[in-house]
Structure formats: C-alpha cells, structure tokens
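Asks: The structure's right below; bear with me while I get my questions together.
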Amino acid sequence: MSADPSVPPAALSGEVSLPEQLADVEQVRSVRTPIRLEYDFIPGAASSGYLNAFADRKILGQRSPVDGAVFVPPRGVDPRHGAATPDYVELPDTGHVGGFCVTRLPIPGRDDLEIPYVSAWIHLDGADIGFLGLVAGIDTSEVRMGMRVRAVWKPDDELGRTAENILYWAPTGEPDIPVTAAGTNAWHAKQAAAGEQG
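If you use the working numbering, the sequence shown corresponds to residues 15 to 212, in order.
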C-alpha cells in the first residue's frame with residue numbers, strides 16, 4: 015500500500031513543519047488561562063433543613079432507618095441502601111479529627127486563610143461519617159488524628175443559613191480518640207461493639 019500523496023511526509027513522521035515566517039519565533043510551551051466558575055446551588059429538602067439550622071447554631075444529620083447510621087450533612091437518603099432518611103438528628107458541635115492535610119499553598123480568593131492551614135475530616139460526636147472543615151487555634155505540627163475539636167462560630171449578628179457560620183474547628187484539650195476508633199474506623203468500632211452486645 016502506498017502513502018497518501020496528499021499528506022506531507024513530515025506529518026507522517028510526527029515532525030512539525032513551521033511556515034518560513036515563523037522560523038525564528040520561539041515555540042509556545044505553555045499557556046496560562048484564567049478560569050472562573052460561578053454556579054448556583056439549589057438545596058433540596060434535606061440540605062435546606064441542614065442549612066437553615068446553622069442560623070441557630072445547630073448542626074443536623076439524618077438517621078438511616080436500616081442500621082441507625084447518622085449522616086451529616088444530610089442528603090435525604092442512605093446512599094448505601096437507597097432508603098429515605100426523613101428523620102433529623104441534632105448533633106453537638108464537638109467531634110474529632112479524622113484524616114487531615116496541611117496545605118502550604120494559597121487558595122485564590124481566600125486571602126483570609128493564613129498559610130499553612132489544616133483541612134480535616136471532622137467526625138461529629140454521634141455522626142457516622144465526617145465532613146470537611148478547617149482546624150485552627152493550634153500549630154499545624156500538633157494536629158493529629160483523633161484530636162478532639164469544637165466548632166468556633168461566627169458572632170450571632172453574622173449568622174446566616176450557611177455552613178460558613180463555623181469559622182473553624184479548635185482543639186478542646188480533651189484526651190484524643192484512639193486512632194483505632196477515629197475517622198472511618200469509628201463506624202467499624204461502633205459496629206463491632208453493637209455485635210458484641212447483640
């Protein structure tokens with residue numbers, strides 16, 4: 015089979031051939047393109063209840079009718095079983111740190127974050143999954159899995175229907191949760207304890 019005469023030989027070999035007028039121009043190696051995404055979030059019934067409660071310094075979860083697992087933030091359904099979770103559970107604003115990450119790079123648009131900062135999975139007392147939050151009020155080198163924390167809320171006159179009412183999570187000074195029962199291990203420890211009692 016012969017080569018297609020309409021295709022230049024350089025194209026077949028993978029070589030790039032520039033027009034003569036571009037021969038001395040430096041090739042582009044990268045391009046920076048500013049990107050901005052704006053979107054609207056329209057919460058459903060479960061998320062609306064959750065966000066409305068924040069205006070009163072309350073954190074709500076929902077309990078699974080299948081095995082009693084408490085989800086926060088609530089989504090209206092137990093994603094593992096597809097079962098509706100119509101019942102809200104009020105949770106305390108205390109918990110512990112599951113996994114965490116020390117970030118040393120700024121986030122565009124978040125000049126309020128002092129570098130470095132800690133993002134962590136916060137596991138509320140009484141909840142069976144964690145959610146993302148900032149940990150502050152402690153040196154980043156002292157943050158650890160199992161560390162007990164409490165929410166630091168905005169002043170009352172600044173509260174709204176938003177999870178941003180919690181400025182950050184600060185250490186309580188209480189003894190740590192054992193690592194074997196912290197983070198995602200907490201659910202497994204709870205299930206094991208329930209099995210021993212049943």
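All residues carry an ideal CB built from backbone N, CA and C; glycine is no exception.
Tell me which residues share the same chain as proline 192 and place their Cβ nearer than 7 Å to its Cβ, disregarding the 5 neighbours each side in the sequence.
Replies: Within the sequence shown, numbered from 1, the residue matching residue 192 stands at position 178. The residues are Gly160.
Asks: So is tyrosine 131 buried or exposed if we call it buried at 16+ other beta carbons inside 10 Å?
Replies: Residue 131 sits at position 117 when you count from the first residue of the sequence shown. Tyrosine 131 comes out buried.
Asks: Could you say which of Leu146, Arg94, Pro48, Val91 lies nearest to glycine 6 if we only look at CA atoms?
Replies: No statement about residue 6 is possible, as the shown extent of the chain runs from 15 to 212 and does not include it.
Asks: For isoleucine 143 and serine 155, I'd like the C-alpha separation in whole angstroms.
Replies: Here residue 143 is taken as the residue at index 129 of the sequence shown, counted from 1. Here residue 155 is taken as the residue at index 141 of the sequence shown, counted from 1. If I take the Cα positions, the gap works out to 25 Å.
Asks: Assign threonine 194 to one of three DSSP states: helix, strand, or coil.
Replies: Locating residue 194 in the sequence shown gives position 180, counting from the first residue. Helix.
Asks: What residues match up with isoleucine 73 in a beta bridge as DSSP calls it?
Replies: In the sequence shown, residue 73 corresponds to position 59, counting from 1. Answer is Leu105, bridged to isoleucine 73.
Asks: For alanine 133 and glycine 75, what's the separation of their Cα atoms in angstroms?
Replies: Position 119 of the sequence shown holds residue 133. Position 61 of the sequence shown holds residue 75. First, the residue type needs correcting, since residue 133 is serine and not alanine in the sequence shown. When rounded, the distance between both Cα atoms is 21 Å.
Asks: Check the C-beta distance from proline 87 over to serine 62 and give it rounded, since I have them as a contact under 8 Å.
Replies: Here residue 87 refers to the residue found at position 73 of the sequence shown. Here residue 62 refers to the residue found at position 48 of the sequence shown. No, proline 87 and serine 62 are not in contact; Cβ-Cβ is about 11 Å, not under 8 Å.
Asks: Which two residues bound the contiguous beta strand (DSSP E) that contains alanine 134?
Replies: Along the sequence shown, read from residue 1 onward, the residue named residue 134 stands at position 120. Element bounds for alanine 134: 131–138.
Asks: What are the complete alpha helix (DSSP H) segments, minimum 4 residues, inside the stretch 28–84?
Replies: 59–68
Asks: Tell me whether the beta-carbon of histidine 137 lies closer than 9 Å to the beta-carbon of valine 157.
Replies: Here the question's residue 137 lines up with position 123 in the sequence shown. Here the question's residue 157 lines up with position 143 in the sequence shown. Contact flag unset, no.
Asks: Report the CB separation of tryptophan 135 from valine 163 in whole angstroms; it is logged as a contact under 8 Å.
Replies: Along the sequence shown, one-based indexing puts residue 135 at 121. Along the sequence shown, one-based indexing puts residue 163 at 149. About 11 Å separates the two Cβ atoms, so there is no contact after all.
Asks: In the structure shown, what three-state DSSP assignment does threonine 154 receive?
Replies: Counted from its first residue, the sequence shown places residue 154 at position 140. In the displayed model, threonine 154 falls within a helix according to three-state DSSP.
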